[in-house]
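K.L.:
Using the numbering used here, read the sequence shown as starting at -16 and increasing by one per residue.
Glycine included, C-beta positions come from ideal geometry on N, C-alpha and C.
Treat the numbers as computed from the prediction; the structure is a model and nothing was measured.
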Amino acid sequence: MSILKKSILGVMAITVAGFGVSTTAYADKADEALGIWLRPKFDWHVEFAMCKDNPAKLCGEVISGEGVDKTTGGSVVGVKMLFDMDKNDKSTKWIGKMYDPKGGGTYYGKVKILKDGRVKMSGCIMKVMCKSEKWTRVVGK
-16 MSILKKSILG
-6 VMAITVAGFG
4 VSTTAYADKA
14 DEALGIWLRP
24 KFDWHVEFAM
34 CKDNPAKLCG
44 EVISGEGVDK
54 TTGGSVVGVK
64 MLFDMDKNDK
74 STKWIGKMYD
84 PKGGGTYYGK
94 VKILKDGRVK
104 MSGCIMKVMC
114 KSEKWTRVVG
124 K
């Protein structure tokens, strides 16, 4: 094999390896959302985990806190807030359905880890009118 071919193959291998590292870094970013988060506005703890019925998707459930689910009239504890969320193309955030127990509505939503370690929760009606909240991770649970 000529020196030129070896050089080209070497550059291609480095480039492919670089893409692999980049893809892994993105995948890890979305996965950082797994765990327990505090919704400060209502003092609820919400656990983000892979869905039991579809482990490729993200789900979230209220695991502690006070309040009433507007739809059922029951406790917010046990209410599913996130369901069937998929990673975006770059695997930097989760996109799917969100339910707000306080208001009783289901929305198009996004979950994104911020540089400061908090998570930004965005819920939208018709993907246009959106509201966001920033939640903090619950440590030691």
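Within its chain, find whatever has a CB closer than 6 Å to the CB of LYS117; leave out the 5 residues flanking it on each side and keep chain order.
P.N.:
ARG101 and LYS103, listed in sequence order.
K.L.:
Determine the direct distance from the alpha carbon of LYS73 to that of TYR90, and round the result to whole angstroms.
P.N.:
Their Cα atoms are separated by approximately 22 Å.
K.L.:
Helix or strand or just coil, what does DSSP make of ASP83?
P.N.:
Looking at ASP83 - three-state DSSP - the assignment turns out to be strand.
K.L.:
For LYS93, list the residues DSSP reports as bridge partners.
P.N.:
DSSP, once it has assigned bridges, lists ILE78 and SER105 as partnering LYS93.
K.L.:
Where does LYS12 sit, in a helix, a strand or coil, going by DSSP?
P.N.:
Helix, per DSSP.
K.L.:
Short of 8 Å in beta carbon distance, which residues of its chain neighbour GLY92, apart from the five on each side in sequence? Order them along the chain.
P.N.:
Result list for GLY92: LEU65, MET68, ILE78, GLY79, LYS80, MET81, MET104, SER105, GLY106 and CYS107, in chain order.
K.L.:
CA-CA distance, HIS28 and VAL62?
P.N.:
Rounded to the nearest angstrom, the two C-alpha atoms are 11 Å apart.
K.L.:
Does the Cβ-Cβ distance between LYS35 and ILE96 come in under 9 Å?
P.N.:
For LYS35 and ILE96, no; Cβs fall outside 9 Å.
K.L.:
LYS53 to MET112, Cα distance in whole Å?
P.N.:
Each residue's alpha carbon lies about 21 Å from the other.
K.L.:
Count the other CB atoms within 10 Å of the CB of VAL94; is the residue buried (16 or more) or exposed (fewer)?
P.N.:
With 16 or more other Cβ atoms within 10 Å, it is buried.
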